[in-house]
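*Asks:* One point on numbering: in UniProt numbering, the residue at position 53 of the sequence shown is 53, and numbering is uninterrupted.
C-beta atoms are modelled at their ideal positions from N, C-alpha and C, and glycine is treated no differently.
In this text, all values refer to a predicted model and were calculated from it rather than measured experimentally.
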Amino acid sequence: MPALFFGHGAVPPLNELVVSSNRLTLQPIHERFANDILTEFTAEITRYMLPKPVEDLDQVMDFIDGAKKAMCDGIDLVYAVCHKGSREFLGVCTFNGQKSATSPELGLWIKKSAHGNRYGREAMEILFHWAQNNIRFDYAIYPVSKVNIPSRQVAEALGGEVNDERVITSMSGCQLDEVIYHIPR
């Protein structure tokens, strides 16, 4: 798997890097978020996503262990999105270089009870802007379901434009009609 290409400055170990804004903190994925992920990564949340909901804590731990390894290897950035004041877990955002270090893929989910607060948009802005300043890449891709308007708005807020379309089958067996955004560096 290709590793992400980091710029000139010294980058702290990715599994220790915390990035924040006025309202949110992106914290490296960790076991302490396992129960929240198990509870919040539901069928309703994944209806427009490739993965299916997790069924048990073992699946969550497998995800966390894999994500932590990928961060240590410099392949992915996988962060828990948390409210800065209350420290409440809100979701997960990713900058994934597994398929291509020059065109990494963005990913995001926010728990249902936190929808409507623009946390997803803010989390992706934090992560993407950090990546722009610290990682060398040509552009990022952000695949989203055509009917998932809030996710499309996140991509467009980052300057993304639709570059391609595809139909895929999710791990839950649903057909997803997706558009692929290219988001310039």
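To the nearest angstrom, report how far apart Thr25 and Leu108 are at their CA atoms.
*Replies:* One-based indexing of the sequence shown puts residue 25 at position 25. One-based indexing of the sequence shown puts residue 108 at position 108. Cα-Cα distance, rounded: 14 Å.
*Asks:* Name the two residues that bound the continuous alpha helix (DSSP H) containing Tyr119.
*Replies:* Residue numbering aside, residue 119 sits at position 119 when the sequence shown is read from its first letter. Unbroken alpha helix (DSSP H) run through Tyr119: 119-134.
*Asks:* Mind reading off the beta-carbon distance from Glu79 to Gln27? Whole number of angstroms is fine, and I expect it under 8 Å.
*Replies:* Position 79 of the sequence shown holds residue 79. Position 27 of the sequence shown holds residue 27. One detail in the question is off: residue 79 reads as Tyr in this sequence, not Glu. Confirmed, Cβ separation roughly 6 Å.
*Asks:* Just list the beta strand (DSSP E) runs in the segment 154-181, keeping only unbroken ones of 3 residues or longer that don't cross its boundaries, in chain order.
*Replies:* Within the segment 154-181, the complete beta strand (DSSP E) runs of at least 3 residues are 161-169.
*Asks:* Let me make sure I understand the geometry here. Which of Val147, Val144, Met71, Gly85 has the alpha-carbon closest to that of Glu3?
*Replies:* The sequence position of residue 3 within the sequence shown is 3, counting from 1. It should be pointed out that residue 3 corresponds to Ala in this sequence rather than to Glu. Of the candidates Val147, Val144, Met71, Gly85, the one whose C-alpha sits nearest the C-alpha of Ala3 is Met71.
*Asks:* Anyone know if the C-beta pair for Ser172 and Thr39 falls short of 8 Å?
*Replies:* On the sequence shown, residue 172 is found 172 positions in, with the first residue counted as 1. On the sequence shown, residue 39 is found 39 positions in, with the first residue counted as 1. No, Cβ-Cβ distance for Ser172 and Thr39 is not below 8 Å.
*Asks:* Put Val60 into one of helix, strand or coil per three-state DSSP.
*Replies:* Start at 1 with the first residue of the sequence shown, and residue 60 comes out as number 60. In this structure, Val60 counts as helix in the three-state DSSP scheme.
*Asks:* Taking just the CA atoms, how far does Ala114 sit from Gly91?
*Replies:* One-based indexing of the sequence shown puts residue 91 at position 91. One-based indexing of the sequence shown puts residue 114 at position 114. Cα to Cα, Gly91 sits roughly 9 Å from Ala114.
*Asks:* Does the beta-carbon distance from Asp76 to Thr94 come in below 8 Å?
*Replies:* The count along the sequence shown starts at 1 and reaches residue 76 at position 76. The count along the sequence shown starts at 1 and reaches residue 94 at position 94. Taking 8 Å as the Cβ cut-off, Asp76 and Thr94 qualify as a contacting pair.
*Asks:* Tell me Val19's beta-bridge partners as DSSP assigns them.
*Replies:* Along the sequence shown, read from residue 1 onward, the residue named residue 19 stands at position 19. Beta-bridge pairing links Val19 to Leu26.
*Asks:* So what's Gly97 in DSSP terms, helix, strand or just coil?
*Replies:* Within the sequence shown, the letter at position 97 stands for residue 97. Of the three classes helix, strand and coil, the one that applies to Gly97 here is coil, per DSSP.
*Asks:* Rounded C-beta distance between Tyr48 and Leu158? I'm assuming under 8 Å.
*Replies:* Start at 1 with the first residue of the sequence shown, and residue 48 comes out as number 48. Start at 1 with the first residue of the sequence shown, and residue 158 comes out as number 158. Not confirmed; about 18 Å, so no contact.
*Asks:* On the CB-based measure, 16 or more other CB atoms within 10 Å of its CB, does Ile149 come out buried or exposed?
*Replies:* By one-based count along the sequence shown, residue 149 stands at place 149. The residue in question, Ile149, is exposed, as its Cβ has fewer than 16 Cβ neighbours within 10 Å.
*Asks:* Would you check if the distance between the CB atom of Ile29 and the CB atom of Lys69 is smaller than 8 Å?
*Replies:* In the sequence shown, residue 29 corresponds to position 29, counting from 1. In the sequence shown, residue 69 corresponds to position 69, counting from 1. No. Outside cutoff.
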